[in-house]
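Numbering (this note's numbering), first residue to last: -17 to 87. Cβ coordinates follow ideal geometry from the N, Cα and C atoms, glycine included. Bear in mind that the values here come from a model prediction, so they are computed numbers and not experimental data. A short write-up of the structure that comes next.
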């Protein structure tokens, strides 16, 4: 844990716990929040074939659509828990690594 705290620039264990809680809440709630949106646009598993590629395509599209919800909620929850600075830096770094750095600069 000490190496993780040093890597992230965290000063105490309480801050580390808060960050883990924010990640957990964000992951769960991004799927929950995205579900109504996915149904509105017609992305139901029933709309895909029963073959393996139909399920794979459904899962891929669902993850692709949930990703933006996760990014926004991560910043919101980080702000609510008093860790906006950490999560904003984390967000910028992550988006740059996947080639979407132009969105945050």
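Buried or exposed: residue i, going by 16 or more other Cβ atoms within 10 Å of its Cβ?
| i | result |
| --- | --- |
| residue 86 | exposed |
| residue 16 | buried |
| residue 10 | exposed |
Rounded to whole angstroms, how far is the Cβ of residue i from the Cβ of residue j, which I believe are closer than 8 angstroms?
| i | j | result |
| --- | --- | --- |
| residue 57 | residue 73 | 6 angstroms |
| residue 51 | residue 60 | Contact doesn't hold; Cβ gap of about 15 angstroms is too wide. |
Looking only at C-alpha atoms, which of the options sits nearest to residue i?
| i | options | result |
| --- | --- | --- |
| residue 29 | 15, 40, 66 | 40 |
| residue 8 | -16, 55, 18, 78 | 55 |
| residue 62 | 25, 76, 5 | 5 |
Original post:
With a cut-off of 8 angstroms, do at least 3 Cβ pairs link the stretch 31 to 44 to the stretch -14 to -3?
Top reply: With the cut-off at 8 angstroms, the stretch 31 to 44 and the stretch -14 to -3 do not touch.
Original post:
In chain order, which beta strand (DSSP E) runs of at least 3 residues are fully inside the stretch -8 to 51?
Top reply: Correct list: empty.
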